[in-house]
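Convert by adding 875 to the 1-based position in the sequence shown; the result is the number in this note's numbering.
Take a look at the structure set out below.
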Amino acid sequence: MEPADIHPDDDHRRARTKLEAAGWRWLARGDWAHVYVSPDGALAARVCAFDPAYALHVRTCLAHSEEPHFQRIAWRADLGAGEIVVMERLEPADEARARALCDAIRGDTPPALRPLRAILEDACAEGERSLGWFGGLDVRPGNVMQDARGQLKLMDPYFVAGKELVPAMLRDVANAARHYSKAQLAAFLEIAVFEEEEHAPGPVLVELRRRVAELEAGEGR
Ligand SMILES: Nc1ncnc2c1ncn2[C@@H]1O[C@H](COP(=O)(O)OP(=O)(O)OP(=O)(O)O)[C@@H](O)[C@H]1O
Ligand SMILES: [Mg+2]
């Protein structure tokens, strides 16, 4: 299901403009992404400039589409260093059930949840191997939603510590570039949390942009 004629040479801004023009309604944002709802309300589209932890989750969902605690993904595409994911629209989860699920996954996991736990552990091992500043599992009630039938879903179960990547880039951008490409580091500065500062950047964002520009000009370090 390709919404609004979006293709991989669109960037995250263009993708959002196209969604809005096609009648998708803005729903929510996190630190990394914006989420839209389809005109008929059935689907959600999550657009980010860069979010390697979520990309890991999407790959894991697609590889384990039988797992009931993962959202159904209808379509995805790269957007430069970012990604658009069209998936089933979820609702806020019942807090007590979400907490019980998270406790069960993190604690003494009952047999029924062991396959899910194994998938999450494998994905975390891949994250540790391949992603800089990977933070591991982010299984908490705030990252659980539910579908129309009440099935709980882990919607964003891993994280990259953006709050550590920022000082790491300020300290040594060339080292950060050993973990993420120049294009990815540039795109990191366009994730949702930086957007408020897009046109009036504060001192930290100004300095981050300067470091990335140096890197792009081949003078990093
Ligand atoms: N499939 C979905 N259906 C409905 N709403 C969704 C869906 N996926 C995400 N959302 C909403 O969008 C919000 C942001 O999504 P998400 O958590 O993926 O963004 P994020 O930028 O990674 O957030 P964070 O900063 O917490 O990591 C969620 O808190 C939730 O309210
Ligand atoms: Mg997230």
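Note that beta-carbon positions come from the ideal geometry of N, C-alpha and C, so glycine has one too.
In this text, all values refer to a predicted model and were calculated from it rather than measured experimentally.
### Query
So, using beta-carbon positions, are L1012 and L988 closer together than 8 Å?
Contact: no.
#### Entry: Opposing strand residues paired with I948 [DSSP bridges]
According to DSSP, which records beta bridges pairwise, I948 is partnered with M962.
### Query
Taking the DSSP output, what are the residues bridged to F1009?
In the DSSP assignment, the residues bridged to F1009 are V1035.
### Cβ-based burial, L1060 [other Cβ within 10 Å; buried from 16]
Buried, because 16 or more other Cβ atoms sit within 10 Å of the Cβ of L1060.
### Message
Less than 6 Å between C-beta atoms, sequence neighbours within five positions excluded: which residues of the same chain meet that for H1054?
### Response
Contacts found: G1007.
### Task
Look at the alpha carbon of E958 and the alpha carbon of V1048, and state the distance between them as a whole number of angstroms.
It is roughly 24 Å from the alpha-carbon of E958 to the alpha-carbon of V1048.
### Task
Label P878 either buried or exposed according to how many other C-beta atoms from any shown protein chain fall within 10 Å of its C-beta, with 16 as the threshold for buried.
Result: buried.
#### Entry: Helix, strand or coil at Y1055 [DSSP, three-state]
In the three-state DSSP reduction, Y1055 falls in the coil class, being neither helix nor strand.
### Query
At a cut-off of 7 Å, is Q946 close to ligand 1 when judged by its beta-carbon and the heavy atoms of the ligand?
At least one heavy atom of ligand 1 is nearer than 7 Å to the Cβ of Q946, so yes.
### Message
Going by DSSP, what residue range makes up the beta strand (DSSP E) through R1015?
### Response
Segment: none, R1015 is in no beta strand (DSSP E) and carries neither H nor E.
### Query
Hey, quick one: how far does the beta strand (DSSP E) through L1080 stretch, first residue to last?
Under the DSSP assignment, L1080 falls outside any beta strand (DSSP E), being part of the alpha helix (DSSP H) whose first and last residues are 1078–1091.
### Query
Taking E1070 as the reference, which of P914, P986, C923, A971 has the closest Cα?
It is C923 whose Cα lies nearest to the Cα of E1070.
### Task
Could you tell me the boundaries of the beta strand (DSSP E) in which L1029 lies?
Looking at the DSSP string, the run of the beta strand (DSSP E) that includes L1029 is 1027–1029.
### Query
Since Y911 sits in a beta bridge, which residues does DSSP pair it with?
DSSP, once it has assigned bridges, lists W901, A920 as partnering Y911.
### Task
Give the range of the alpha helix (DSSP H) segment to which I980 is assigned.
First-last of the alpha helix (DSSP H) with I980: 970–981.
### Query
Roughly how many whole angstroms lie between the Cα atoms of R1084 and L976?
When rounded, the distance between both Cα atoms is 40 Å.
### Task
For P985, name the three-state secondary structure that DSSP assigns.
Three-state DSSP puts P985 in coil, outside helix and strand.
### Simplified DSSP state of D997, which is helix, strand or coil
DSSP places D997 in helix when its eight states are reduced to three.
### Task
Enumerate in chain order the residues of its own chain whose CB-to-CB distance from R947 is below 7 Å, with the five nearest sequence positions on each side excluded.
Cβ within range, chain order: M962, E963.
### Task
Taking M1030 as the reference, give the member of P1078, A908, H1074, E895 with the closest Cα.
The candidate whose alpha carbon is nearest that of M1030 is A908.
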